[in-house]
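2 protein chains.
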Amino acid sequence: MREMELSERKMKILQAVVRNYLETGEPVGSRTISKYTDLNLSSATIRNEMADLEEMGYIVQPHTSAGRIPSDAGYRLYVDTMMQDKERDVAELRDNLLEKEERLDQLLKQTAKLLATVTNYASMVSAPSIHQNKLKLIQLSRVNSDQLLAVIVVEGNVIKNTLLDVEEELDDETILKLNILLNTHLNGLSIEEINLKLITTLKAQAGIHSDIISNVIDAVAKAIHEEDDLEIYTSGTNNIFKYPELTDGTKASELIGTFEEKQALNELVVRSLAEDNGTGIQVYIGDESPVESMKDCSIVTATYDLGEGMKGTIGIIGPKRMDYDKVVDNLKDVMHQLDSIYKK
Amino acid sequence: MREMELSERKMKILQAVVRNYLETGEPVGSRTISKYTDLNLSSATIRNEMADLEEMGYIVQPHTSAGRIPSDAGYRLYVDTMMQDKERDVAELRDNLLEKEERLDQLLKQTAKLLATVTNYASMVSAPSIHQNKLKLIQLSRVNSDQLLAVIVVEGNVIKNTLLDVEEELDDETILKLNILLNTHLNGLSIEEINLKLITTLKAQAGIHSDIISNVIDAVAKAIHEEDDLEIYTSGTNNIFKYPELTDGTKASELIGTFEEKQALNELVVRSLAEDNGTGIQVYIGDESPVESMKDCSIVTATYDLGEGMKGTIGIIGPKRMDYDKVVDNLKDVMHQLDSIYKK
DNA sequence: ATTAGCACTCGATTTTGATGAGTGCTAACA
DNA sequence: TGTTAGCACTCATCAAAATCGAGTGCTAAT
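Taken in order, these protein sequences are the chains called Y and F.
Start counting the first sequence at 153; every next residue gets the next number (this note's numbering).
Start counting the second sequence at 153; every next residue gets the next number (this note's numbering).
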């Protein structure tokens with residue numbers, strides 16, 4: 153028994169167990185499989201095979217004398233080797249999404265909503281990170297006698313505003329000069345390229361207004377990195393109530409908390425971006441989850457790429473018995489749409 | 153019995169019922185009241201009085217031979233006439249909040265979080281509406297050969313960005329002229345004051361670039377009204393799991409959905425702002441709720457006023473047996489802090 | 001290698017009974 | 001007349017007991 157290989161038949165049985173459990177959510181018994189599959193075997197035979205599969209760790213019994221349900225390893229095997237492409241019912245999806253919002257945040261919000269509606273699971277969409285982006289425009293304007301408005305535009309047309317306090321009022325001409333100074337030196341540079349030497353040069357040229365330069369640089373750095381910039385949009389979190397296994401005990405509360413905080417979801421985004429294996433799709437089953445409160449869930453993520461280094465993550469969070477085929481399919485589709493939408 | 157007046161004694165008993173129920177969440181019986189109150193009466197007497205109170209509709213029995221719990225009317229009477237000021241344990245609160253964020257949205261987010269933590273209920277904070285605000289600055293900059301960036305600053309330092317498409321590239325001088333034109337004519341005006349006549353004048357002066365003027369005006373109007381500007385921050389929605397009466401059946405799901413959508417919460421904001429009675433505090437009990445999914449909740453709202461017409465709503469959503477005294481107190485406190493924080 | 005048959009297990013559901021908090025009512029009481 | 005003691009009654013809650021049935025493992029026959 154030790155060096156047992158996974159026979160064709162066992163595969164088929166495991167697949168049947170998973171499929172059936174995904175549909176019903178109930179432990180599935182030998183008799184059911186016996187009819188469900190095309191291999192004509194009696195329930196007794198199936199029982200023997202299932203006993204083997206259990207020993208190998210692919211399925212478990214919730215209790216003696218109940219059917220079997222897939223273990224995490226079972227799901228994993230299924231996802232890795234047994235998924236099949238579904239008929240895509242995604243035409244409709246494409247239509248809906250195509251009303252291309254000009255505002256990126258709106259588009260992403262809408263994407264999250266759409267995914268949640270289509271899949272009946274919870275969804276999340278992270279705004280793209282813009283780390284390695286290049287500065288496109290810096291614009292200072294006087295707004296009060298003691299405040300300057302700094303508008304910072306980076307590649308990809310992401311816009312940031314910051315208010316700067318200044319001691320003495322600056323006249324129009326000075327502001328104009330500062331603007332020219334900043335733009336001629338900084339435009340086209342990424343944040344990493346703005347080094348100390350450059351800053352020193354700028355300060356020297358700014359003369360008595362060198363402190364403003366410091367402020368602006370700080371603002372730029374802050375605007376680009378800005379922690380809270382990791383906007384994450386969620387939708388359909390209440391879909392988890394459709395799956396009892398996610399709502400008993402305090403699980404529901406914890407999940408909802410996680411979705412509301414959004415802080416923890418960032419972990420998901422980071423992991424997902426880091427582990428990108430080429431397909432852009434990642435599946436986390438149960439304990440594999442990067443987020444503590446989702447140990448009873450499965451998570452499927454996709455990485456989209458708007459070009460110019462703007463990458464983000466979209467994800468679906470549902471029960472372990474989620475419809476992996478469909479979810480992966482939907483996710484791929486949305487991912488490709490996002491990829492292409494800004495490559496006009 | 154018909155024209156029975158609410159005797160002093162009945163009031164006291166009702167009050168005791170409410171108080172006790174708020175604490176324990178259990179139906180309260182006559183014997184309990186008999187000891188809980190200072191009026192020395194036997195349980196039998198209390199029973200008679202309670203029967204009266206029930207007939208009058210202030211309390212109800214969940215089932216025969218259980219204690220009584222307050223009806224909506226009972227809560228209402230309590231809130232209107234029987235609340236008392238609590239010892240304020242809010243010093244701590246003040247400290248926490250005072251780390252005055254420079255960014256308004258951050259501050260509001262933090263406020264919501266704080267309220268949720270302190271009260272153990274769900275909270276919401278709406279960003280101030282800025283309808284009647286005056287323009288402070290308009291700034292056009294070229295960002296691409298075919299795109300202009302319009303930055304719009306209104307009183308209260310709320311900043312909006314919009315990208316405008318332009319047909320032919322504009323040179324620096326033209327942009328400068330347009331900026332001057334716009335600012336000299338529009339600064340200090342509220343959106344209502346920008347009428348057709350003014351627009352016509354502007355267009356005439358802009359000559360061949362009159363279409364840009366149209367675009368800018370549109371952008372200004374959009375930026376100020378913008379529907380989705382009704383940002384609403386929520387926090388502690390998972391606190392509802394602490395109150396079983398809010399989580400059985402599909403209630404939890406509906407509530408969570410409402411909080412996530414945020415759309416419906418807007419109704420709350422509008423109502424709350426409209427019905428402001430001077431104190432700034434509003435209490436909605438059960439069916440009085442403006443939001444369908446909160447028919448089993450009580451809602452307490454407060455209206456804050458940052459000055460310059462920037463008003464917003466903060467609210468607490470919890471079970472009907474919420475600690476009204478404390479909630480009102482906390483809310484008042486936070487409201488005042490917000491009121492003063494921007495009146496430096 | 002497959003299958004029919006059977007005893008067995010155990011969660012889920014229903015049944016039953018005991019408990020006790022709380023009520024309404026009546027009669028006695030100050 | 002208002003208050004109170006006493007008592008029968010109701011009914012949710014809990015625990016123990018009984019029942020049910022889906023599903024298993026094992027053995028023996030094919």
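Where a beta carbon is used, it is the ideal one built from N, C-alpha and C, also for glycine.
Remember, it's a predicted structure, so these values are computed and weren't measured experimentally.
Practice task
Can you check DSSP and say which residues form a bridge with Gly-467/Y?
Solution key: Paired residue(s): Met-276/Y and Thr-453/Y.
Exercise for the section: If I'm right that Leu-301/Y touches Leu-315/Y with Cβ under 8 Å, what's the distance once you round it to whole angstroms? Expected result: So it is a contact: roughly 6 Å between Cβ atoms.
Handout entry: Straight-line gap, Leu-483/Y to Ser-293/Y (C-alpha atoms, nearest Å)
Key = Spanning the two alpha carbons is a distance of roughly 43 Å.
Practice task
Under 9 Å between beta-carbons, which chain Y residues line up against Asn-367/F? List them in chain order, please.
Solution key: Going along chain Y, no residue has its Cβ under 9 Å from Asn-367/F, so there is no contact; the nearest lies around 13 Å.
Problem - Three-way DSSP call (helix, strand, coil) for Leu-250/Y in this model - result: Note that Leu-250/Y has pLDDT 47, beneath the 50 cutoff, so the model's placement of it is unreliable and no number is given.
Practice task
Would you identify the three-state DSSP class for Leu-292/F, choosing helix, strand or coil?
Solution key: strand
Practice task
Answer yes or no: does any C-beta atom of chain F fall closer than 8 Å to that of Val-277/Y?
Solution key: no
Exercise for the section: Can you grab the Cα-Cα spacing for the pair Ile-332/F / Asn-339/F, in whole Å? Expected result: 10 Å
Practice task
Identify every run of the alpha helix (DSSP H) within the region 309-345 of chain Y, keeping only runs that are complete inside it and at least 4 residues long; order them along the chain.
Solution key: 324-338
Problem - Pro-222/Y, DSSP secondary structure in three states - result: strand
Exercise for the section: Please list, in chain order, all residues of the same chain as Val-295/F whose beta carbon is under 6 Å from its beta carbon, the five residues on each side excluded. Expected result: Leu-301
Exercise for the section: Can you tell me the Cβ-Cβ gap for Ile-392/Y and Leu-407/Y, rounded? I've got them flagged as a contact below 8 Å. Expected result: The pair is a contact, with the Cβ atoms about 6 Å apart (cut-off 8 Å).
Handout entry: Bridge partners - Thr-410/Y, DSSP secondary structure assignment
Key = Partner(s): none; Thr-410/Y has no beta bridge.
Practice task
Per DSSP, which residues does Lys-286/Y bridge with? Please list them.
Solution key: Ser-342/Y
Exercise for the section: Could you tell me which of Lys-349/Y, Ser-366/Y and Leu-289/Y sits nearest to Val-318/Y, measuring between CA atoms? Expected result: Ser-366/Y
Exercise for the section: Flag Gln-415/F as yes if its beta-carbon sits less than 8 Å from any beta-carbon of chain Y, otherwise no. Expected result: At a cut-off of 8 Å between C-beta atoms, Gln-415/F does not count as an interface residue with respect to chain Y.
Exercise for the section: Could you check if Arg-255/Y is buried or exposed, using at least 16 other CB atoms within 10 Å of its CB as the buried criterion? Expected result: exposed
Problem - Proximal residues of chain F, C-beta to C-beta of Ile-384/Y below 7 Å - result: Going along chain F, no residue has its Cβ under 7 Å from Ile-384/Y, so there is no contact; the nearest lies around 13 Å.
Practice task
Could you round the C-beta distance between Val-443/Y and Thr-410/Y to whole angstroms and report it? I think they count as a contact, below 8 Å.
Solution key: 6 Å
Exercise for the section: Would you grab the beta carbon distance between Ile-451/F and Ile-469/F for me? Rounded to a whole angstrom, and I think it's under 8 Å. Expected result: 5 Å
Practice task
Give a yes or no on whether 8 Å exceeds the smallest Cβ distance from Glu-307/Y to chain F.
Solution key: no
Exercise for the section: Could you tell me whether the Cβ atoms of Tyr-273/Y and Met-446/Y are closer together than 8 Å? Expected result: no
Practice task
State yes or no: is the C-beta of Ser-278/Y within less than 8 Å of the C-beta of Thr-431/Y?
Solution key: The Cβ atoms of Ser-278/Y and Thr-431/Y lie no closer than 8 Å to each other.
Problem - chain F residues whose Cβ lies nearer than 7 Å to that of Thr-389/Y - result: Ile-408 and Glu-412
Problem - Cutoff 8 Å; reference Ala-356/Y; Cβ partners in own chain excluding five residues on either side - result: Ser-362
Practice task
Using a Cβ cut-off of 7 Å, pull out every chain F residue sitting near Lys-463/Y, in sequence order please.
Solution key: None at all; the shortest Cβ gap to chain F is about 22 Å.
Problem - Cross-chain neighbours of Gln-291/Y in chain F, by beta carbon under 7 Å - result: Gln-291 and Ser-293
Exercise for the section: Go ahead and label Asn-200/Y buried or exposed: buried means 16 or more other beta carbons lie within 10 angstroms of its beta carbon, across all protein chains shown. Expected result: exposed
Problem - Short CB-CB distance (under 8 Å) between Leu-334/Y and chain F - result: no
Exercise for the section: Report the neighbours of Leu-301/F on chain Y: residues whose CB is nearer than 9 Å to its CB, in chain order. Expected result: Leu-289, Gln-291, Val-303, Val-305, Asn-309 and Ile-311
Exercise for the section: Could you tell me whether any Cβ in chain F is nearer than 8 Å to the Cβ of Ala-371/Y? Expected result: no
Problem - Meets three-Cβ-pair contact criterion under 8 Å: the region 164-178 of chain F and the region 200-219 of chain F - result: yes
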